[in-house]
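First to last, the sequence lines map onto chains Z and A. Just so we're aligned: 89 in this note's numbering is position 89 of the first sequence, and the numbers increase by one with no gaps anywhere. Just add 245 to wherever you are in the second sequence, counting from 1, and you've got this note's numbering. To keep things clear, I will list the structure first and then write my remarks on it.
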Amino acid sequence: MNARVTWATALRVLTQLRRDPRTIALLLAVPPFLLSLLKGAFYSDPKSFQHVGGPLVGLFPFSTMFVVTSITMLRERTTGTLERLMSLPLAKLDLLFGYGIAFAAVAVVQACVTSAVAFGLLGLDVVGSTAAVVALAVGNALLGMSLGLFVSAFARTEFQAVQFMPAIVFPQLLLCGLFVARDQMIGVLQIVSDTMPLTYAFEALDSVTTEGSLGSRGALDVSVIAGATLLLLALGALTLRRRTA
Amino acid sequence: MAAEPAIVVDGLRVRRGGRPVLHDLRFSVAAGSVTGLLGPSGCGKTTLMRAIVGVQIVEAGRVEVLGAPAGAPPLRSRVGYVTQAPSVYGDLSVRENLRYFARVLGVPQERVGEAIETVVLGEQADQVVASLSGGQSARVSLATALLGRPELLVLDEPTVGLDPVLRRDLWGTFRRLADAGTTLLVSSHVMDEAEHCDELLLMREGELLAAEAPDALRARTGEQRLDEAFLALIEQREVAQ
Numbered sequence: 001m002n003a004r005v006t007w008a009t010a011l012r013v014l015t016q017l018r019r020d021p022r023t024i025a026l027l028l029a030v031p032p033f034l035l036s037l038l039k040g041a042f043y044s045d046p047k048s049f050q051h052v053g054g055p056l057v058g059l060f061p062f063s064t065m066f067v068v069t070s071i072t073m074l075r076e077r078t079t080g081t082l083e084r085l086m087s088l089p090l091a092k093l094d095l096l097f098g099y100g101i102a103f104a105a106v107a108v109v110q111a112c113v114t115s116a117v118a119f120g121l122l123g124l125d126v127v128g129s130t131a132a133v134v135a136l137a138v139g140n141a142l143l144g145m146s147l148g149l150f151v152s153a154f155a156r157t158e159f160q161a162v163q164f165m166p167a168i169v170f171p172q173l174l175l176c177g178l179f180v181a182r183d184q185m186i187g188v189l190q191i192v193s194d195t196m197p198l199t200y201a202f203e204a205l206d207s208v209t210t211e212g213s214l215g216s217r218g219a220l221d222v223s224v225i226a227g228a229t230l231l232l233l234a235l236g237a238l239t240l241r242r243r244t245a
Numbered sequence: 246m247a248a249e250p251a252i253v254v255d256g257l258r259v260r261r262g263g264r265p266v267l268h269d270l271r272f273s274v275a276a277g278s279v280t281g282l283l284g285p286s287g288c289g290k291t292t293l294m295r296a297i298v299g300v301q302i303v304e305a306g307r308v309e310v311l312g313a314p315a316g317a318p319p320l321r322s323r324v325g326y327v328t329q330a331p332s333v334y335g336d337l338s339v340r341e342n343l344r345y346f347a348r349v350l351g352v353p354q355e356r357v358g359e360a361i362e363t364v365v366l367g368e369q370a371d372q373v374v375a376s377l378s379g380g381q382s383a384r385v386s387l388a389t390a391l392l393g394r395p396e397l398l399v400l401d402e403p404t405v406g407l408d409p410v411l412r413r414d415l416w417g418t419f420r421r422l423a424d425a426g427t428t429l430l431v432s433s434h435v436m437d438e439a440e441h442c443d444e445l446l447l448m449r450e451g452e453l454l455a456a457e458a459p460d461a462l463r464a465r466t467g468e469q470r471l472d473e474a475f476l477a478l479i480e481q482r483e484v485a486q
């Protein structure tokens, strides 16, 4: 690994993103827009808005970075730039960490904008600190990024990559406890949700927003998020081949 | 001519999608030469180049490049490879692309300007690659390969779609690079380009028909035009079979 190459890759990815202002506008505007819709939808049930809205602030970056990364990496594969990079003195980790730094930076901005709107304008209350919510959001963004990097190896076209969103992200969102408490689900789904990293991401966010701290399961939640991110990055590195058929 | 060949290929066999693509190839490429890899589309030129660069999974055989097995990590900064489709970032400018690859290679940023000049893209340097013509993006891709001043340059159809003046200029550049000691392996499906090469590798259907200098090929076949000579070789082989 080489810090110069990692850093150059991060700057390159950010420059590419800067060339696409519409995507930046969507990344920053969509989460606050959706939260506003949610507030309107829960007009007669503000308690539910409090319950769902707080954790959502920290979950948006997971899904956006998943899509953005899987498409960006798919483009590297299909345009031949990945093959070129793999024939150059660049370590696979330089590429993966370069992506990580770039998308973490985007996630910080996205989480700050979303929190400012959610906790400022929309009147969401958070018992813990908003900084903790932003920190968890960035962690979740990195989790989404590594999942996106990994699954991009299984998509040949952008149509396929986009379909991974409902296929891989939605089940985790449905079962993580955001919509229905996990102890009210049928048993088998509780077990399934135990295996999904987003469940731990939700629990950490839920503890911070409703109890004010990560709570007794905090260490477990944070280590699962970090462990899953590293595992997916390692699996992603395996899909970057120097030699192909 | 240097004593050590830049490329040695011995008994190379490659299968793609279960089908044999290269059948038992053997040849060597002299250091500091311009070698043309010629043959019709689909004859295995790209696969052979990929095997030399070390990005192709091979079935059998030995491919040695600059004294090391093809694809060995130390070769990554000594071999430059330009694929047929320009492999650069369409959403970055010419200069941004080159700056990035210069940083990856760890070479001084002054080389960026040099490489842009070599491929005559000074006026387009700050344009986004996606807005350039096909020939211009192909030259951006070539420029990135020049950044590291590689000892071996493997160029897959670098002159496709270029106008005749640019094509001539580019062959002039290849010659200058070879005079300075770089070894070039350049593929083409256009026989006119063979004239610019010191040595030719003629391929057809995954087999090597000839590996010799243009004049030797003319003498052997009795044909003055190289495309006629190529046809004569194919006919000879068919008669022999």
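Cβ coordinates follow ideal geometry from the N, Cα and C atoms, glycine included.
Where residue i sits in the DSSP three-state scheme
i: G98/Z; result: helix
i: P89/Z; result: coil
i: P395/A; result: coil
i: L430/A; result: strand
i: Y326/A; result: strand
i: G417/A; result: helix
i: L400/A; result: strand
i: F320/A; result: First, the residue type needs correcting, since residue 320/A is Leu and not Phe in the sequence shown. Reduced to three states, the DSSP call for L320/A is helix.
i: G53/Z; result: helix
i: V298/A; result: helix
i: G281/A; result: strand
i: Y484/A; result: Correcting the residue identity first, residue 484/A is Val in this sequence and not Tyr. Correct three-state label for V484/A: helix.
i: S338/A; result: strand
i: C442/A; result: coil
i: G218/Z; result: helix
i: L74/Z; result: helix
i: V365/A; result: coil
i: A167/Z; result: helix
i: V357/A; result: helix
i: T157/Z; result: coil
i: Q469/A; result: coil
i: Y200/Z; result: helix
Span separating the alpha-carbon of residue i from that of residue j
i: P55/Z; j: F202/Z; result: 6 Å
i: A458/A; j: R356/A; result: 33 Å
i: P319/A; j: V266/A; result: 28 Å
i: L311/A; j: E468/A; result: 34 Å
i: E452/A; j: L270/A; result: 7 Å
i: E211/Z; j: G128/Z; result: 7 Å
i: M246/A; j: G351/A; result: Residue placement at M246/A is poorly supported in this model, since its pLDDT is 47, which falls under 50; the coordinates are not used for a value here.
i: T114/Z; j: G53/Z; result: 11 Å
i: T15/Z; j: V339/A; result: 13 Å
i: F309/Z; j: R412/A; result: Because residue 309/Z is not part of the residues shown, which for chain Z are 1 to 245, the question remains open.
i: T427/A; j: V274/A; result: 12 Å
i: S70/Z; j: R77/Z; result: 11 Å
i: L429/A; j: R295/A; result: 14 Å
i: T6/Z; j: R261/A; result: 34 Å
i: I246/Z; j: V134/Z; result: The structure shown does not extend to residue 246/Z, since chain Z spans only 1 to 245, so no value can be given for it.
i: R242/Z; j: V365/A; result: 31 Å
i: G382/A; j: A3/Z; result: Before going on, a small fix: residue 382/A reads as Ser here, not Gly. When rounded, the distance between both Cα atoms is 29 Å.
i: A485/A; j: V435/A; result: 26 Å
i: L476/A; j: R323/A; result: 36 Å
i: S36/Z; j: S48/Z; result: 14 Å
i: P31/Z; j: A25/Z; result: 11 Å
i: L74/Z; j: T157/Z; result: 8 Å
Residues that residue i bridges to, as DSSP identifies them
i: I252/A; result: V274/A, V310/A
i: M448/A; result: L453/A
i: L267/A; result: V259/A
i: A305/A; result: R258/A
i: V373/A; result: S338/A
i: T244/Z; result: Q301/A
is_contact[residue i, chain D] using C-beta, thresh 8 Å
i: T291/A; result: No chain D appears in the structure shown, which is made up of the protein chains Z and A.
Outcome for residue i when other beta-carbon atoms lying within 10 angstroms are tallied against a minimum of 16
i: Q301/A; result: buried
i: L309/Z; result: Not covered by the structure: residue 309/Z. The range shown for chain Z is 1 to 245.
i: A204/Z; result: buried
i: H268/A; result: exposed
i: Q184/Z; result: exposed
i: G393/A; result: buried
i: S433/A; result: buried
i: M448/A; result: buried
i: D221/Z; result: buried
At least three beta-carbon pairs within less than 8 Å, the segment 38–46 of chain Z to the segment 16–25 of chain Z:
In short, these stretches do not touch, since the Cβ pair count stays below three.
Are the segment 189–207 of chain Z and the segment 167–180 of chain Z in contact at 8 Å, needing three or more beta carbon pairs?
yes
Is the segment 133–146 of chain Z touching the segment 102–116 of chain Z, taking contact as three or more C-beta pairs under 8 Å?
yes
Is the segment 254–263 of chain A touching the segment 418–437 of chain A in the sense that three or more CB pairs, one from each, lie closer than 8 Å?
no
Please determine if the segment 330–338 of chain A and the segment 90–104 of chain Z are in contact, where contact requires at least 3 C-beta pairs separated by less than 8 Å.
These segments do not touch.
Any contact of the segment 55–68 of chain Z with the segment 277–295 of chain A, i.e. 3+ C-beta pairs under 8 Å?
no
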